[in-house]
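18 is the number of the first residue of the sequence shown in the numbering used here; add one for each residue after it.
All residues carry an ideal CB built from backbone N, CA and C; glycine is no exception.
Inspection log for the structure reproduced underneath, given as structure tokens.
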Amino acid sequence: MYNFFGDNDFMKKMYEQWEKMMGDHFEKLVHDENFVSEMAKAMAATMSGKFMSTKMMDETFMAMNLPTRGEMVKALQKLVDVEERLIDLGEKFEDFAKETTDALTAIEQKLGVPAEQLPKSKAKSKKA
18 MYNFFGDNDF MKKMYEQWEK MMGDHFEKLV HDENFVSEMA KAMAATMSGK
68 FMSTKMMDET FMAMNLPTRG EMVKALQKLV DVEERLIDLG EKFEDFAKET
118 TDALTAIEQK LGVPAEQLPK SKAKSKKA
């Protein structure tokens, strides 16, 4: 860790004294009911202001025909869902491909003939 004070013991002692003094002061504040009550009121006012600000931003975005934060979150969630489905389909396809390869290998071993030499299907698809 970086030594902020270097080898200066005086500065280190000053910092420790300041830290203790501030710690004692804040300890008293935390246990003061008036201070805690005022801080709770300040937090409530801050949260109320944030709510109003968010609401105004959403209304402004809607007026400009831009997506709101909520709409962006919904769109992102849908993209995540599509990505998860694609991953699942990819895994299923890999499993199917492995099963098909394993089945062809088993047939080759039973017949003693490579799959390329096996007769091809005569069924042809009609071209429109």
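Assuming residue i is part of the alpha helix (DSSP H), what are its boundary residues?
i: N150; result: Limits of the chain in this structure are 18 at one end and 145 at the other, which puts residue 150 out of reach.
i: D119; result: 86-128
Please state the DSSP three-state secondary structure of residue i.
i: G171; result: The structure shown has nothing for residue 171, since the chain only spans 18 to 145.
i: D75; result: helix
i: N51; result: helix
i: M60; result: helix
i: L83; result: coil
i: M18; result: Below a pLDDT of 50, predicted positions are generally treated as unreliable, and M18, at 49, falls in that range; no measurement from the model is reported.
i: E33; result: helix
Rounded to whole angstroms, how far is the Cβ of residue i from the Cβ of residue j, which I believe are closer than 8 Å?
i: T85; j: M79; result: 7 Å
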